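Worksheet for the structure shown next.
Numbering (my numbering), first residue to last: 85 to 352.
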């Protein structure tokens, strides 16, 4: 519902612009998750009046062919910003590809310059999932100032940038970033006021593991025979004071944040 509200606001903003923004996507291969994410992004664009520019490459595409596609969108006048759908095929240097994106067209906020600006606390495009989590918590009036926040998962798209954003003003949370080498994870989970899970282990976090009244945000997603499962067992709803499930919680917000990033790029 919140994502719909944001999309409606974006549609209104787009109507008021003197030119139409355009979102580009580069998809390599036919990973089912990636294919459905990209399709969802283009559907969102159609819903709010943003133009779509799709480049779909086969799984056999070479690094230089992918870089060529990046270059094409860097120079495409109708493309306000674009994303390279991850993961890229084995043997392709994802960092090299993301660094080739023009930072002023980096709709995902994953270019080293934009991530560097994020660390420096200067106004920059924020990665979509961390931005979605911040917006979700603020919309539900969840104050994180001085709270202990445990993020499980240190990836560059969620955990690492989120840990920086949460520790900065005005959020002012005290952040612990846990990962595969973390000792005493159960004790950390039990003592945290807020638990954010982004590890890709289905239903890893159970109701009895969290503190009574904790805030729990599920960002992990795994495709299983039983369908899409998050990192958190939905039964935590009996213990948590607030629970953003996966699928359904952060996902739609993340998609809305991509559109919001595009409008920010348009204004620059």
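Cβ atoms here follow ideal geometry from the backbone N, Cα and C, with glycine treated the same way.
Please read all numbers here as calculations on a predicted model, not as lab measurements.
I'd like to confirm the pairing. Which residues does DSSP put opposite residue i in its beta bridges?
i: residue 307; result: 312
i: residue 288; result: None, per the DSSP bridge assignment.
i: residue 136; result: 107
i: residue 190; result: 166
i: residue 235; result: 261 and 280
i: residue 302; result: 281
i: residue 141; result: 112
Measuring alpha carbon to alpha carbon, tell me which residue in the options is nearest residue i.
i: residue 222; options: 256, 242 and 189; result: 256
i: residue 185; options: 207, 160 and 204; result: 160
i: residue 343; options: 86, 90 and 146; result: 90
i: residue 276; options: 286, 301 and 265; result: 301
i: residue 140; options: 131, 170, 164 and 239; result: 170
i: residue 407; options: 130, 145, 123 and 110; result: Residue 407 cannot be examined here, being either before or after the span of the chain that is shown, 85 to 352.
i: residue 224; options: 248, 231 and 299; result: 299
i: residue 166; options: 175, 189 and 181; result: 189
i: residue 124; options: 339, 279, 325 and 95; result: 339
i: residue 254; options: 180, 341 and 218; result: 218
Distance, Cα to Cα, residue i vs residue j?
i: residue 200; j: residue 210; result: 11 Å
i: residue 157; j: residue 229; result: 40 Å
i: residue 321; j: residue 237; result: 22 Å
i: residue 329; j: residue 318; result: 7 Å
i: residue 315; j: residue 282; result: 7 Å
i: residue 178; j: residue 245; result: 17 Å
i: residue 99; j: residue 216; result: 23 Å
i: residue 235; j: residue 105; result: 34 Å
i: residue 331; j: residue 152; result: 34 Å
i: residue 252; j: residue 203; result: 9 Å
i: residue 97; j: residue 274; result: 43 Å
i: residue 261; j: residue 272; result: 10 Å
i: residue 194; j: residue 284; result: 20 Å
i: residue 323; j: residue 293; result: 9 Å
i: residue 327; j: residue 148; result: 43 Å
i: residue 265; j: residue 349; result: 38 Å
i: residue 220; j: residue 226; result: 9 Å
i: residue 334; j: residue 121; result: 14 Å
i: residue 263; j: residue 269; result: 9 Å
Does at least one heavy atom of the ligand ZN sit under 8 Å from the Cβ of residue i?
i: residue 253; result: Here there are no bound small molecules, and the ligand ZN is not part of this structure.
What is the C-beta distance between residue i and residue j, in whole angstroms, given that I count them as a contact (C-beta under 8 Å)?
i: residue 143; j: residue 116; result: That pair is no contact at about 12 Å.
i: residue 286; j: residue 87; result: Residue 286 to residue 87, Cβ: 23 Å. No contact.
i: residue 119; j: residue 150; result: That pair is no contact at about 17 Å.
i: residue 355; j: residue 137; result: Look at the range of the chain in this structure, 85 to 352, and you will see that residue 355 is not part of it.
i: residue 191; j: residue 107; result: 7 Å
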